[in-house]
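Working notes, beginning with the structure itself.
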Amino acid sequence: MTRQYWLDDEDDDDDDRRDEKSKGEGLGLPEGDNMGKLYFKSRTVIVAGEINDKLAQRTVAHLLALAEDGDDPINMLISSPGGHVESGDMIHDVIKFIRPTVRTIGSGWVASAGALIFVGAQKQNRYCLPNTRFLLHQPSGGIGGTTSDMMIQAEQIRLMRERLNQIMADATGQTVERVEKDTYRDFWLNTQEAVDYGLVGKIIRTVDELK
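At position 87 of the sequence shown the residue is numbered 74 (the working numbering), and the sequence of numbers has no breaks.
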């Protein structure tokens, strides 16, 4: 005998809830946390704290999910002391990789690898709130092991520095030589200095000022 099943409205509601839940999966939020739905509906990605592989994985998963959901702009709010350069590279590159426009918004402080992520957006899509501070500097890292290994590590740091200087020069319109000189030591900028340097496109105070 063939069994028949009838789907009522309650079953449809369950399907909708499962669909909404699946959108928030992989974003590093506690199971059942309604914040996942809020971030998804508002198309807002938050990058806060140390830049590491876990934050990069969560951020990229969020960006890819939003890109799959539609082509409307994505707002990325950044407040970070920096961290792992390659994790910053991952987010920087995915910002450019996906189809939707990503608008980066600096808040608090945007430093080191955080600044690398920030300039993943086009200049006209880089914003900051009034009290944001920016920090640019050369990469650093511990060197150890055999003499040969230390020489290899030192060379890799040199190549990384050249690459990051080029990225920052392309993003700001400054020369590579100017960026190299400025970032030899910690280079702090307030909001207006960041605009003048070409790091920030516009200082905003309210969400209504976003394009």
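Ideal placement from N, C-alpha and C gives every residue a C-beta, glycine not left out.
Around the CB of ILE92, 16 or more other CB atoms lie within 10 Å, so the residue is classed as buried. For GLY95, the closest of LYS189, THR119, THR133 and ASN62 by C-alpha to C-alpha distance is THR119.
Collapsing the DSSP output to three states places THR178 in a helix. Looking from the CA of VAL81, the closest CA among ALA98, GLY70, LEU103 and SER99 belongs to LEU103.
Contact between ILE191 and LEU116 holds: CB atoms are separated by about 7 Å, below the 8 Å threshold.
By the C-beta density criterion, MET77 is buried, having at least 16 other C-beta atoms within 10 angstroms. Residue pairing by DSSP puts SER66 in a beta bridge opposite ALA35. Taking every protein chain shown into account, the CB of THR159 has 16 or more other CB atoms within 10 angstroms, so this residue is buried.
Under the three-state reduction of DSSP, ALA43 is assigned to helix.
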